[in-house]
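In my numbering, the protein residues as written are 16 to 470. Quick reminder that beta carbons are idealized off the backbone N, C-alpha and C, glycines included. Just below is one structure, and these are the notes that go with it.
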């Protein structure tokens, strides 16, 4: 029987530099090559030193968010003969995401003195792009010959366009990686499709394990409440900021706003967008034409009359043009359009900010979420302190499955072993407690960073 050994290379555990080293019979490979968003320099990398150089058969990336993709050129440099596998959707946008990462690292090198930045060059990204083997969903692909054949199949995971769950089968044994998975349909993307596989090992995300599911909190209801709030803010003469992630969330919100304006659920308004997300619009448009997903057309920009925000923003002073601002970053990270706009908006009670996803508590977005009306808020990067007067609202338009949905998923998969990943310890503990009842015959694994588990 083929042995399976799997090692979590995310040096901090939790969610961050997502990466797993897998030994599956004679095959050696890595699934995901993330960068940790809360650390800098070499500390942001997975512990690739645990893998002997030039020993990997292939590297597989489940989707194009940087916590899964961002260190791919670093690992590829150490394993130049390794194939690089990802969905055709992910391959279409991976290079653009990595080039944006290089640009950010160059800025951080200059401003923060991080000497090792950038961790890779644009030239290395081009080399990586030439090595990619793009795969289509639901079309099994075989590596090796005869008895050493490894079969790989990608399934749409519904997280963002191109995101994949992955089945790997060798010598009668199967591993299933859930990837970042979302079962509910989004405005531009269908939910996950993963059939019952009954794997020997299920590697399952646990992102929302500590977040209770709320009755009546389905995606359609949340969007309806979001639109009501945006409409109220605009009708009272204010501007509304919706901080969005550039990849996936900005494009979904454009589609939501387009439909709402056509259906009269929003008053006529000027829509503002900028940054990397506008480039991703073009990639999604091309992907839609070639592959049939996502449900997106760049003509939406003309239909909505989208314009870039003014560059003449001043902290504490309303932007010159009122309207709806869909700009990154989703967590109001310093030096981003959403951060600068928030500093211009929050002193006016007519304005509002609608968060639509998770914000790390240590980011400006996470801190603003917990600030009460009338309290002061300090924009450190701008050296600007002001009193919070604007409305702050939170809406849960996550790209991750609810914990109850993941329990159902695990139960249907009937895996011999379930390895928990992509979640903090509280989230994982919830799954440990519940899976013992829901999947009593499954072995539940929660490895420490760097620990190798044999299955």
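Around residue 38, the same chain offers 18, 19, 20, 21 as residues with beta carbons nearer than 8 Å, after the five sequence neighbours per side are excluded. Annotated three-state conformation of residue 337 is coil, per DSSP. DSSP, read as helix, strand or coil, puts residue 50 in coil.
For secondary structure counted as the alpha helix (DSSP H) over 4 or more consecutive residues, the region 321 to 399 holds these complete runs in sequence order: 352 to 360, 379 to 384. In the pairwise beta carbon analysis, the region 46 to 60 is classified as touching the region 72 to 88: at least three pairs are separated by under 8 Å. The beta carbon of residue 57 is closer than 7 Å to those of 131 in its chain, skipping five residues each way along the sequence. Measuring C-alpha to C-alpha distances from residue 412 to each of 133, 232, 116 identifies 232 as the nearest. Taking a C-beta distance under 8 Å as the contact criterion, residue 171 and residue 152 qualify as a contact pair. In the structure shown, the three-state DSSP call for residue 431 is coil. Between residue 362 and residue 331 a beta carbon distance of about 5 Å is seen, short of the 8 Å cut, so the two are scored as contacting. Under the three-state reduction of DSSP output, residue 295 falls in the helix class. Between the beta-carbon of residue 290 and that of residue 352 there is about 6 Å, and that keeps the pair under the 8 Å contact cut. Each residue's CA atom was taken as its position, placing residue 25 and residue 283 some 46 Å apart. With the rule of 3 Cβ pairs closer than 8 Å, the region 221 to 241 counts as touching the region 438 to 447. At a Cβ-Cβ threshold of 8 Å, residue 59 and residue 32 count as neighbours.
Look at residue 407 here: in three-state DSSP terms it is strand. By the Cβ-count criterion, residue 96 is exposed, with fewer than 16 other Cβ atoms from all chains shown falling within 10 Å of its own Cβ.
Cβ contact annotation for residue 393 (same chain, cutoff 7 Å, sequence separation greater than five): 400, in chain order. The beta-bridge partner set that DSSP reports for residue 216 consists of 190, 432. With a 10 Å radius around the Cβ and a threshold of 16 neighbouring Cβ atoms, residue 417 comes out buried.
Around the Cβ of residue 307, a 10 Å sphere holds fewer than 16 other Cβ atoms; the residue is exposed. Between residue 219 and residue 425, the C-beta spacing is below 8 Å. Following the DSSP letters along the chain, one finds residue 105 inside the alpha helix (DSSP H) bounded by residues 103 to 127. The continuous alpha helix (DSSP H) containing residue 450 extends over residues 440 to 453. Residue 402 holds the alpha-carbon nearest to the alpha-carbon of residue 364 among 382, 402, 199. Secondary structure within the region 47 to 87: the alpha helix (DSSP H) runs of 4 or more consecutive residues, fully enclosed, are 81 to 84 (chain order). Note on geometry: alpha-carbon atoms of residue 203 and residue 234 lie some 13 Å from one another.
For residue 415, no pairing in a beta bridge is given by DSSP. Restricted to the region 243 to 289, the beta strand (DSSP E) segments that are unbroken, complete and at least 3 residues in length are 255 to 258, listed in chain order.
Comparing alpha-carbon positions, the option among 260, 286, 197, 431 lying closest to residue 272 turns out to be 286. In this structure, residue 185 lies away from residue 367, with their beta-carbon atoms at least 8 Å apart.
The three-state secondary structure of residue 181, taken from DSSP, is strand. In this structure, 89 is the residue among 89, 50, 85 with its C-alpha nearest to the C-alpha of residue 66.
In the structure shown, the three-state DSSP call for residue 467 is strand. In this structure, the straight-line span from the alpha carbon of residue 138 to that of residue 279 is close to 48 Å. One Cα belongs to residue 369, the other to residue 395, and the distance between them is close to 21 Å.
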